[in-house]
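Chains as they are written, first to last, in our numbering: chain A, 1 to 595; chain B, 596 to 1190.
Don't be surprised by glycine CBs; every beta carbon is placed ideally from N, CA and C.
Since the structure is predicted, the reported quantities are computational estimates derived from the model, not experimental observations.
Heads up, the thing below is written out as structure tokens.
Here is the structure:
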């Protein structure tokens, strides 16, 4: 039995039915990508994920990546897996054909990447970070940087990293101290960076570090930070590898989870200075980082959802086979625990929320596809607003929920869940990082309130609410009783969301209130977005059932999930509305002596 | 700086003010226990907890207990710590003076034990399980068993275990297979038991196992299980140690947390049969276990709260010292992260809920004291009903919340929280077992609905609601605006609870509905009980402030916590009410094909 098997039917439902493949096919550059091809790509990816990556997940957890001297060794099997991954072309799936990429839209690449996250999150972080480096060089690098680095990063021959954090500069990067001193055509980099994912490893011949640093005369704060390409091995003008650069990994963190993913402390310039090349212009580094960060945040939200999916699959298998206790009302069955109402509740808590998060996540990716590839300027602009609005929601909400669900996954296993051998606990441990890196949930919430809601006077969020109301109108008066239960519950959540947006805009003169409300607002928005997607799924499914689909079981289950979410999850929005409206002042008023 | 320092002032507040020490002092056998003595006991316990046990917590996590052959070695320092613990008399604090105990009431022993749980949960499990064994022998054993075993268990010279679970018999003990064959004055025990906490260790000369097993002609199911004392070393009639008994530890689990607490797989009777002595009568073993289980469940609820307290202390220290970002509205401060509204929110989420859980937990312990030691029969009976009602709430709610709070503790640390060195992650890992052992949350919820609510037609829960309404009446019309905010929010939760109790009683004819609602009902009851305790704390604190207390900071903070809880936590009860009333049928209707 496979440890993990991608939920291909669910993925195709979101891509082909909920988003609608015809909309994906209309994106510029997608002429040759049809639904059959897309389905085939997903199936191929599942083979690698389920047969190669998933079996290495526990090995990676037990062995971890190890540092000896300044050399990092990845776990048994890691290197072969990476080579298979690279050689099958997965690194370049959504990359620009100009640099050897295959030009697939983000939304399909997202479904594919979900499989890497689910099957082996530690492994998946390596290509994820490389994507960030590619984006930085592609969007902001000059022709020389592009020609020397992009093709090899796109093919996966080299990997990339993002070096932001320093001990004193975490959520607040304005205090970055790493120095970059001009020296001819390059700069000399000196300083220490921490939490560098795959900062050192043995998978490829070279590692391309993207490093934030300050030039000597740079202004203080966020406006004096520049971005540099700092390769582990210098690259000659013909693309061959030159000298070892003056940088090294000086330690690896011992972490709660993702043991196989080396989290490095990197030291630059111990022998005088690591050679670095400026990306774009001086002092614009943080701005460049922020454009990359949207993609990374979206990806981490995807991780939150994907690990919960893997955790769900494991818990479901356990519940289907573990015999224990008498099932109420069914004394003659085999009594596997899936018959117990509370176990069904826990499983559906997982399934329904994973489906909600998946749909929101893919939808967000598709907004970025539209923003980049639609032929209408207004559509592009609206899609960018929507993508930017949804990104902190996808990141903050999906990781918080995902993490809670991996804990539910442990719970369904009972005592076995606490024993590491089972694997349920690893999902809980691995997922625990997702609410922290690429900006904590608090940072996402501040972004959602400040930059994404208050700054445009509520424009983007009101557009979203208006779209939700279109769905409500569509559902209005439907004779299907289940759809009405779903509609009514979703309508209340939309009302809660709208109320809170009004409240936030009205409270904008006291920034402490908005800050106090931010996290609850993020959750409210996430839950409601999830409810929207599941309501639309239910409508689509009801239509399929009415039209006599042969896939009744699948669509019935979609409606079950939507109804469960409507009655068990959506009611939380009213509690959050109350907490915001009545409790934000309470939070803002708390002083140091309250603790 | 100490890793852990007991919140003595908070503990004294609950004991001396909220419960009221005069009520504790009136218990029979407490003539010599006054408030000064009780306070001094807490201070002494804190010395051991903070100076001896807390410093070993991380050592224990890293080293774990190790099995070689059938010998288990506890981590460095464990044996010395156990000897200090035993020699200072902590094992016998609440035990019967007849067997060398000090006769302290449970409520004081609970405050003391909270310190063991907080400072070193792995360590604390050893005396906790011994307590269970003592209770079993004391309540159900014959004179010989009592005379041979009790004094040495009470003094801590020996430890005890509880052997219930077998691979096929976890939550459902009706399928226990371990055999007990009569052989003269004793029985021969054969079978395998799993998840035996401190089933083997090197702390004491002997280990007394309490083992569930079946005699040859026992009826099937729960009514054919008997309880046996099975010592590691046989005990001669003069109390000296005799032969090694035929039992051994064959493996230790590799667990997510509580690494230092050896979780043993025990094999009985490999060489023909371990000598075991019947406790009480044949076939009544499960009933005996259930009486012990109340105490154990209350204790695990206390663990949930206590680890969250430890996690809070660590997070608070971090938030008070970590400098990062600009605090809104306070640009000139030192900018430690405790100034950020979202960090204050997270810290107060921890503090307020820990205080709520502590108060409910101690109050529940005091009900059992009343049930045992009050001179009025009616009071005793009412207290027993209340204690039995509150036990599954204390266990289920406090462990679920406690576990979530340890995750918040990690979150407050940002990236540092994911690094094991910090210690925040260990609290998360350790606490993860609390919702599982001694009956999962689902089992607690089923107990609360079935045995504690429906069986007596709602009598005990309605008594509780009536007492809550007394507090509401008392608060009614108070001119203090903060008290009114707290009152109104609490009134809504009491209304939600009452509504759901009515709904449960009305739905009793469909047991699937009650089972589907059980977990939400448990949370609703727990949150509301916590709200009750904090509302009463706020009333008491307001009185103290009015009376010109010199301890203003303390009482102000108590009101802050109550107000926060009222606006941020209590609103959840309405969401749970909706989920129960509108969603239980949804859950009950889910079929195997929904997943």
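Check, Outcome
"Does residue 455 (chain A) come out as helix, strand or coil in the three-state DSSP assignment?", "coil"
"Hey, out of A:462, A:504 and A:518, whose CA is closest to residue 620 (chain A)'s CA?", "Because chain A here runs from 1 to 595, residue 620 (chain A) falls outside it and cannot be looked at."
"Just to confirm the assignment, what range does the beta strand (DSSP E) spanning residue 192 (chain A) have?", "186–197"
"Along the beta strand (DSSP E) that carries residue 887 (chain B), what are the first and last residues, could you check?", "Premise fails: residue 887 (chain B) lies in the alpha helix (DSSP H), 880–916, not in any beta strand (DSSP E)."
"Using only the alpha-carbon positions, how far apart do residue 722 (chain B) and residue 1014 (chain B) sit?", "30 angstroms"
"Smallest Cα separation from residue 810 (chain B): which of B:876, B:861, B:1075 and B:791?", "B:876"
"Compute the Euclidean distance between the alpha carbons of residue 1038 (chain B) and residue 411 (chain A), then round it to the nearest angstrom.", "12 angstroms"
"Would you say residue 259 (chain A) faces chain B, with C-beta separation under 8 angstroms as the test?", "no"
"By the 9 angstroms beta-carbon criterion, what residues does the stretch 784–795 of chain B contribute toward chain A?", "789 and 790"
"Please identify the residue among A:87, A:453 and A:439 whose C-alpha is closest to the C-alpha of residue 505 (chain A).", "A:453"
"Per DSSP, which one or two residues make a beta bridge with residue 844 (chain B)?", "B:861"
"Give me the Cβ distance between residue 1163 (chain B) and residue 579 (chain A), rounded to the nearest whole Å; I'm assuming they're in contact under 8 angstroms.", "5 angstroms"
"Listed in chain order, which residues of the stretch 512–526 of chain A have Cβ atoms closer than 7 angstroms to some Cβ of chain B?", "512, 515, 516, 518 and 519"
"In the DSSP assignment, the beta strand (DSSP E) including residue 437 (chain A) goes from what residue to what residue?", "Careful: residue 437 (chain A) lies outside any beta strand (DSSP E) and carries neither H nor E."
"At what residues does the alpha helix (DSSP H) containing residue 134 (chain A) begin and finish?", "121–140"
"Give the list of continuous alpha helix (DSSP H) stretches no shorter than 4 residues that lie fully inside the stretch 451–536 of chain A.", "459–475 and 481–506"
"Taking any Cβ of chain B, which residues in the stretch 569–594 of chain A have a Cβ under 7 angstroms from it, in chain order?", "571, 572, 574, 575, 578, 579, 582, 583, 586, 587, 588, 590, 592, 593 and 594"
"Which residues in the same chain have their Cβ closer than 6 angstroms to the Cβ of residue 996 (chain B), if we skip the five residues on either side of it in sequence?", "948"
"Tell me the rounded alpha-carbon separation between residue 15 (chain A) and residue 107 (chain A).", "8 angstroms"
"Is the beta carbon of residue 789 (chain B) closer than 8 angstroms to that of residue 795 (chain B)?", "no"
"Going by DSSP, what residues sit across from residue 777 (chain B) in a beta bridge?", "B:782"
"Decide if residue 322 (chain A) is buried, meaning its Cβ has at least 16 other Cβ atoms within 10 Å, or exposed.", "buried"
"At a Cβ cut of 8 angstroms, what residues of the stretch 1018–1038 of chain B count as close to chain A, listed as they run along the chain?", "1020, 1023, 1024, 1027, 1028, 1030, 1031, 1032, 1035, 1036 and 1037"
"So what's residue 1159 (chain B) in DSSP terms, helix, strand or just coil?", "helix"
"Using beta-carbon positions only, say whether residue 1119 (chain B) and residue 1059 (chain B) come within less than 8 angstroms of one another.", "no"
"Give every residue of the same chain whose Cβ lies closer than 6 angstroms to the Cβ of residue 605 (chain B), excluding the five residues on either side of it in the sequence, and list them in chain order.", "none"
"Please compile the residues from chain B whose C-beta is within a distance smaller than 7 angstroms of the C-beta of residue 171 (chain A).", "919, 920 and 1009"
"In the structure shown, what three-state DSSP assignment does residue 663 (chain B) receive?", "strand"
"State the DSSP-derived secondary structure class of residue 3 (chain A), mapped to helix, strand or coil.", "coil"
"Would you report the Cα separation of residue 71 (chain A) and residue 247 (chain A), rounded to the nearest angstrom?", "12 angstroms"
"Could you check whether the Cβ of residue 1085 (chain B) sits closer than 8 angstroms to any Cβ belonging to chain A?", "no"
"Find the residues of chain A that neighbour residue 946 (chain B), judging by a C-beta separation of less than 7 angstroms, and give them in chain order.", "595"
"Using a beta-carbon distance below 8 angstroms, is residue 1141 (chain B) in contact with chain A?", "no"
"I'd like to know if residue 344 (chain A) contacts chain B, where contact means its C-beta is closer than 8 angstroms to some C-beta of that chain.", "yes"
"Return yes when the Cβ of residue 40 (chain A) is within less than 8 angstroms of the Cβ of residue 362 (chain A), no when it is not.", "no"
"Give the DSSP-derived three-state secondary structure of residue 1262 (chain B) in the structure shown.", "Missing from the structure shown is residue 1262 (chain B); chain B here goes from 596 to 1190 and no further."
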